[in-house]
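Right, one structure below, let's go through it.
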Amino acid sequence: LKKANRIEPGGQQKRSLEKHKPWIICTCNRRCYIALITGCYTCEWQLEQEKKSRSGPCCCSWKEKIFYPCLIISFLLSVVLLFVWIETSNEYFGFDWVIFLGTGYWFFWSIVLLSLFGILTAYSSLLVVLGFLLIWEGYELYLHWCHKILILLVILLCSFFLWILCKLWRDRWLTAGLSLQIFAPYMHLSGITVMVILSWPVAFYLIHLEEEVRMRRFKMAYYDRERAKEYNILTKLRALQVAIGLPFFLILLCLYFVPWGIHSPCIQEKDKLGPKPDFFGHRGAPMLGPENTMMSFEKAVEQGACGLESDIQLSYDQVPFLMHDNDLRRTTNIREVQPNASFTHSSFFLWSFLSTLNAGKWFVQSRFKPFYHMKPLSKADREKAENQRISKLTDLLEFAQKEKKFVLFDLNAPPQKHPLRNTYIRHVVSVILASKIEQHLIFWLPSFDRQYVQSKAPGFQQVGRLYSIERLTKENISRINVDYKKLFYKGLKDYKAANININLYIVNEPWLYSLAWCSRIHSVTTDNIQILNQLNHPYFFMTPSYYMFMWLLMDSVSAVLIAAIFYFHWWREHKKERFNNISIHKDNQEPVPDIENESWEIPGQQPPSSQPEPPTFSEIQVPSVSQKPSNQQYPSKEDVKPPVIAQGEGQTTTVPQGNLTTSIP
């Protein structure tokens, strides 16, 4: 077969096209790869050749075109829901506590929802990626009906939870908005990187569509009967180019200029950064000891708290004690001692009974631990926690006086029919004064009967809520204790300009504490003091000059890379086109093989010594390339039988074909 290569122009073409194979073909079997993505998307694990999509803008049926936007909507909704829930992790304890009040069962429902939203996002993202890969490989989109039902369920679930957040938990959106002030500069830089990565498939598809438009325009010059049909296809191709390219470049343009609209407190000069905010232990250190117990307050002081925050209830015999919930179910063993009284308000019990309840065993039980990411207790701390009792207010005041720590508390009004229903403020003031604690260590928060408190205990530091500056000035209040979500959206600059000290609650996440630090907040109330105390500088802090340098550098590098990627795809497509044209030209000008001198290897048959003149190459019936009908199907190389040449009466000779190939554009 020495001369077989003379009629095999496709051999060089085959070797050249191998250079352009995708990377996936070089790393694994292509058929397995196609079967995997097709099976996951369509639930059909056997490849069918008819599933290959036709050339042109149509890659699926009209039903799939209608449903694919639903898949995109489910992906976007799940991503938004997951983002909001992740950014509101500071409120997980409050969410679990509200569910406990309604069900009476403590569980990490916030983590369950986080896992659910992550699964929904991963599922919808996977289907979007698989659909893109099928389009990339040129296969029809056919989403299985099971996937379609699940996608509709994803849309309904995400819509339901987003509606719940909008109606019942609007402050979650405020927390997500605050997180953008911290993460926006980094999301901007990361977004540019993502756009550079996406430019590869976008450039490939746009250049490929442009080449198809050019080829169809060339065909329109020779096919007058199909000109109207080709014109419609050209319109669809141009519309597809605009639908893909325009959003890409608009998003890229917005990312290039979005820093002009970013306002982040953590982008400032180092000399303008305020001091590190102080800590108030929220019910002590509730991740290190049972809340509102002396062990919890001792742990808070060990971690560097400047003040202690608590909640005060009044027993029926007028003893102030520390308890957050109105009943005793969550933080005591009341269900074991008096199950029928577990729902009774704690203020209707006598202190002689309350002092006998255990307030620490629940903390060491895994199913009752208040925070999901709590570290395991040491053996000594575990034994100490199991023996904790309900603390009185006087116990906290004595400890604060000893450690010289501030005391901030919420004073809960007793329920109806309580003996101190109308005089609880004056009774608590008298208890505080009787404890001999220094008055300036008391941060007085209750607004009811404040004038009496100021006259009776002028040394108390009066603390207000989110009042107007005029009211704060009138009541001689120089400090406020406010929810961080409300403060950052209402009057932060005004309070700072009026020289009002600000304490935020409840700040547990490092990014939120960093936001308070960069905003020059004076103190925060936290459950997570052991982690926040380790921060030596705010997270995500950068100077304006550094951010501008990174902005210009990323914009410049990304613009160069995206231009290079588009040029590379154009150059590769142009090179493939030139090679195809050269191959077709060589096929048409291939010389006629010398049949008489050719060496044959046909078993059981020898070439005759004399035979009639073989037909010329033009006499062999080869399909014309220029006159190929649009819907004609060509047989494969194995199905083409070699031409038969008559040698005389009763004798025929079969001309071997070798590896003769014909390139069809």
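In the working numbering, the protein residues as written are 640 to 1304.
By construction, the Cβ of each residue, glycine as well, lies at the ideal position given by its N, Cα and C atoms.
Fair warning: this is a prediction, and the values are worked out from it, not measured in the lab.
Closest in alpha carbon position to F918, among I1160, R669, M1193 and L894, is I1160. Closest by C-alpha distance to Y731, out of W1210, P1009 and Y955, is P1009.
Restricting attention to alpha helix (DSSP H) runs no shorter than 4 residues, the segment 694-781 encloses them at 701-726, 731-742 and 748-776, ordered along the chain.
Collapsing the DSSP output to three states places T814 in a helix.
The continuous beta strand (DSSP E) containing F1045 extends over residues F1045 to L1050. Taking a cut-off of 8 Å on C-beta distances, the segment 1171-1191 does not touch the segment 926-935, as fewer than three cross pairs fall below it. Counting along the chain, F799 sits inside the alpha helix (DSSP H) bounded by residues W784 to L807.
Residue environment for G1098: exposed (fewer than 16 other C-beta atoms within 10 angstroms of its C-beta).
Taking V793 as the centre and dropping the five residues before and after it, the same chain places the C-beta of S713, L716, S717, L759, Y762 and S763 closer than 8 Å to its C-beta, in chain order.
Note that the segment 1074-1091 touches the segment 1029-1037; at least 3 beta-carbon pairs, one per stretch, sit closer than 8 Å. Just so you know, the alpha carbons of E1216 and L765 end up roughly 34 Å apart. Contact between V841 and I883 is confirmed by a C-beta separation of about 6 Å, below the 8 Å threshold.
Setting aside the 5 residues that flank it on each side, R856 has no residue in the same chain whose C-beta is closer than 6 Å to its C-beta. Scanning its chain for C-beta atoms nearer than 8 Å, with the 5 sequence neighbours on each side dropped, one finds around K1014 the residues M926, in chain order. Cβ neighbours of F1002 within its own chain (closer than 6 Å, five residues either side excluded): P929 and A1024. Judged by DSSP in its simplified three-state form, H1213 adopts helix.
Per DSSP, the unbroken alpha helix (DSSP H) holding S991 starts and ends at W990 to L993. With a cutoff of 8 Å on beta-carbon distance, N1142 and N1167 are scored as not near each other.
In the structure shown, Q1055 adopts coil according to DSSP, grouped into three states. Secondary-structure assignment with DSSP links F919 through a beta bridge to G946 and T1164.
DSSP places P959 in the strand class (E or B) of the three-state scheme. Contact check for P1053 against L967 fails: the beta carbons are separated by 8 Å or more.
Taking all protein chains shown into account, C905 has 16 or more neighbouring C-beta atoms within 10 Å of its C-beta and is therefore buried. I1029 is positioned such that its CB atom lies closer than 8 Å to that of T971. Here DSSP, grouped into helix, strand and coil, assigns D1034 to helix. Comparing alpha carbon positions, the residue from L828, N871 and A878 closest to V897 is L828. Using a 10 angstroms sphere on the CB of Y955, the tally of other CB atoms reaches 16 or more, which defines it as buried. In the three-state reduction of the DSSP assignment, W1083 falls in the strand class, which pools E and B. Two segments are said to touch when three or more pairs of C-beta atoms, one from each, lie closer than 8 Å; by this definition the segment 780-788 does not touch the segment 1111-1125.
DSSP places Y1106 in no beta strand (DSSP E); its state is neither H nor E. By alpha-carbon distance to K702, the top candidate from I1081, L721 and H783 is H783.
By the 16-neighbour rule on beta-carbons within 10 angstroms, Q1101 is buried. One alpha carbon belongs to I890, the other to E1212, and they sit about 26 Å apart. The way I'd put it, the segment 1105-1116 doesn't touch the segment 792-806; fewer than three beta-carbon pairs between them come closer than 8 Å. A924 places its beta carbon less than 8 Å from that of Q1169. For D1122, the enclosing beta strand (DSSP E) covers residues R1118 to D1122.
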